[in-house]
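Notes for the one structure printed next.
Residue numbers (this note's numbering): 20 to 459.
Okay, structure coming up:
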């Protein structure tokens, strides 16, 4: 019985330890990338693109087809062996092998193969784009949990202060220094602070739920490892938005994807032009036939018939385009227009990226100013609260006025927490666009 109890305790302890796993930021990102359905779909699209490359490779190889057939004739029929009309029942058939090879078709096969390889690169860039977006979502969700935890901690501190004030108010009431109404107001303030604690607990639960759902993990027992955000640097990581933009042109997959679209358009032009050129193909064939007289039996053994009737040949074909109702000319023109469209899309992607980074850089500057102002405000509110607490303890300030000072302190603390995480996240966004986002 004692052994069973020890095993049970060990099992429960291991289960508790498992449920108390604290996820790091890197683990959260990796888990989201592993389980996200959109990423899985894009990986399948990448596999399809790789198969297109294999198909394009096959165009360089000859084809080989075999065929056979048979027929049964009654009455007057053709004897495939004697080559005469006979009145009998004959079963006859044929066997053939045919091969074909494209010698030249205006480099269509070569350019199609190049396009297929570009398709693989494009699919990889599409996958990277989705992975980048999801990583940024996870970073935001992770910081939201840390933000909620700090808010909860600040609310708990305020509640502890309120409970201390209740004890002080009780003593003053029992000593006849203050009326009972002031004691009741103190208890009411404590109840309000307790309600704030509950609200912040709910906010933390929601933040944990959102992050757990993002990485597709059970929310029960889910928690994250703490990160020491500390005091963010008041120095901007970059001098201006153009520094980030120039780096992003080399790292953002949507830019590279747009460049590949132009390369693909060039290949489409070459493929369209190839229809102006002649095409050359070669072929080879091998065939034989056999027959069997159902009434008299075979005149010649089966394999001898195959050998006697064996024939083969080779040939080539040259197709020279002369006039096809201007189809090729118009297709070339369309391909050139599509290239211009791809070029404008690249410029559009660059412009959109530049505007996004400019906005992100401005957001960081604004968030930094807000954060610095919040620090100054909190220092002032702490001094004001310290002074108000002394005056209240000596009876020189009413409870209403004291609560006003403390409310301003609580708001200042909340504003600092909010501005700190806002600044940290927006800094992470800039690091993301520059390709320097560190998840460890």
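Backbone N, C-alpha and C define an ideal beta-carbon position, used for all residues, glycine too.
Being a predicted model, the structure only gives us computed values, none of them experimental.
Quiz item: So what's residue 332 in DSSP terms, helix, strand or just coil?
Solution: Here residue 332 corresponds to residue number 313 of the chain shown, with the count starting at 1. The answer is strand: DSSP assigns residue 332 an E or B state.
Quiz prompt | Cα-Cα separation between residue 223 and residue 163, rounded to whole angstroms | solution = Reading the chain shown from its first residue, position 204 is the one you call residue 223. Reading the chain shown from its first residue, position 144 is the one you call residue 163. Computed Cα separation, rounded: 8 Å.
Quiz prompt | Residue nearest to residue 447 in terms of C-alpha spacing, selected from 157, 113, 93 and 329 | solution = Walking along the chain shown from the start, residue 447 turns up at place 428. The shortest C-alpha separation from residue 447 is found at 157.
Practice problem: Alpha carbon to alpha carbon, how far is residue 178 from residue 402? Give it in angstroms, no decimals. | Solution: Along the chain shown, read from residue 1 onward, the residue named residue 402 stands at position 383. Along the chain shown, read from residue 1 onward, the residue named residue 178 stands at position 159. In a straight line, the C-alpha of residue 402 is about 19 Å away from that of residue 178.
Self-check item: Exposed unless 16 or more other CB atoms sit within 10 angstroms - verdict on residue 53
Solution: Reading the chain shown from its first residue, position 34 is the one you call residue 53. Under this definition residue 53 is an exposed residue.
Practice problem: Spatial neighbours of residue 59 within its chain, please: CB distance less than 8 Å, with the 5 preceding and 5 following residues excluded, ordered by chain position. | Solution: Taking the first residue of the chain shown as 1, we reach residue 59 at position 40. Spatial neighbours of residue 59 in its own chain (CB-CB distance under 8 Å, excluding positions within 5 residues in sequence) are not present.
Practice problem: Rounded to whole angstroms, what's the CA-CA distance from residue 331 to residue 77? Just pull it up for me. | Solution: Start at 1 with the first residue of the chain shown, and residue 331 comes out as number 312. Start at 1 with the first residue of the chain shown, and residue 77 comes out as number 58. For residue 331 and residue 77, the gap between their C-alpha atoms comes out near 25 Å.
Quiz item: From residue 220 to residue 433, what does the alpha carbon distance come to, in whole angstroms?
Solution: Counting from one through the chain shown, the residue named residue 220 turns up at place 201. Counting from one through the chain shown, the residue named residue 433 turns up at place 414. When the Cα atoms are used, residue 220 and residue 433 turn out to be separated by approximately 15 Å.
Exercise. Please determine if the stretch 298 to 308 and the stretch 109 to 126 are in contact, where contact requires at least 3 C-beta pairs separated by less than 8 Å.
Key: Proximity of the stretch 298 to 308 to the stretch 109 to 126 meets the contact definition, three or more beta-carbon pairs being nearer than 8 Å.
Self-check item: The alpha helix (DSSP H) enclosing residue 160, as first and last residue numbers
Solution: Taking the chain shown and counting its residues from 1, the one referred to as residue 160 is at position 141. Looking at the DSSP string, the run of the alpha helix (DSSP H) that includes residue 160 is 127 to 193.
Quiz prompt | the stretch 261 to 274 / the stretch 82 to 95 touching (three or more Cβ pairs under 8 Å) | solution = Short answer: they don't touch.
Quiz item: From which residue to which residue does the beta strand (DSSP E) around residue 294 run?
Solution: In the chain shown, the residue the question calls residue 294 occupies position 275. Looking at the DSSP string, residue 294 is not in any beta strand (DSSP E), and its letter there is neither H nor E.
Quiz prompt | Run of the beta strand (DSSP E) containing residue 395, from where it starts to where it stops | solution = For this step, residue 395 is matched to residue 376 along the chain shown. From DSSP, residue 395 is part of no beta strand (DSSP E) but of the alpha helix (DSSP H) over 346 to 412.
Quiz item: When the Cβ atoms of the stretch 140 to 157 are set against those of the stretch 402 to 418, are three or more pairs found closer than 8 Å?
Solution: As far as the Cβ criterion goes, the stretch 140 to 157 does not touch the stretch 402 to 418, which means the pair count is below three.
Quiz item: Taking the beta strand (DSSP E) that residue 120 falls in, what are its first and last residues?
Solution: Counted from its first residue, the chain shown places residue 120 at position 101. DSSP places residue 120 in the uninterrupted beta strand (DSSP E) bounded by 109 to 123.
Practice problem: Measure from the alpha carbon of residue 131 to the alpha carbon of each residue in 367, 316 and 288, then state which is nearest. | Solution: Position 112 of the chain shown, counted from the start, is the residue given in the question as residue 131. With distances taken between Cα atoms, residue 131 lies closest to 288.
Quiz item: Can you give the Cα-Cα distance for residue 295 and residue 71, rounded to whole angstroms?
Solution: Locating residue 295 in the chain shown gives position 276, where the first residue counts as 1. Locating residue 71 in the chain shown gives position 52, where the first residue counts as 1. Those two C-alpha atoms are separated by around 25 Å.
Practice problem: Locate the alpha helix (DSSP H) running through residue 454, then write down its first and last residues. | Solution: Here residue 454 is taken as the residue at index 435 of the chain shown, counted from 1. The continuous stretches of alpha helix (DSSP H) do not include residue 454, and DSSP gives it neither H nor E.
Quiz item: Should residue 240 go down as buried or exposed, given a rule of 16 or more other Cβ atoms within 10 Å for buried?
Solution: For the purposes of this step, residue 240 is taken as residue 221 along the chain shown, with counting starting at 1. Residue 240 is exposed by the Cβ-count criterion.
Quiz item: Three or more beta-carbon pairs under 8 Å between the stretch 162 to 176 and the stretch 226 to 237, yes or no?
Solution: Counting Cβ pairs under 8 Å, three or more are found: they touch.
Quiz item: How would you label residue 142, buried or exposed, when you count the other beta carbons within 10 angstroms and need 16 or more for buried?
Solution: Locating residue 142 in the chain shown gives position 123, where the first residue counts as 1. With 16 or more Cβ atoms within 10 Å of its Cβ, residue 142 is classed as buried.
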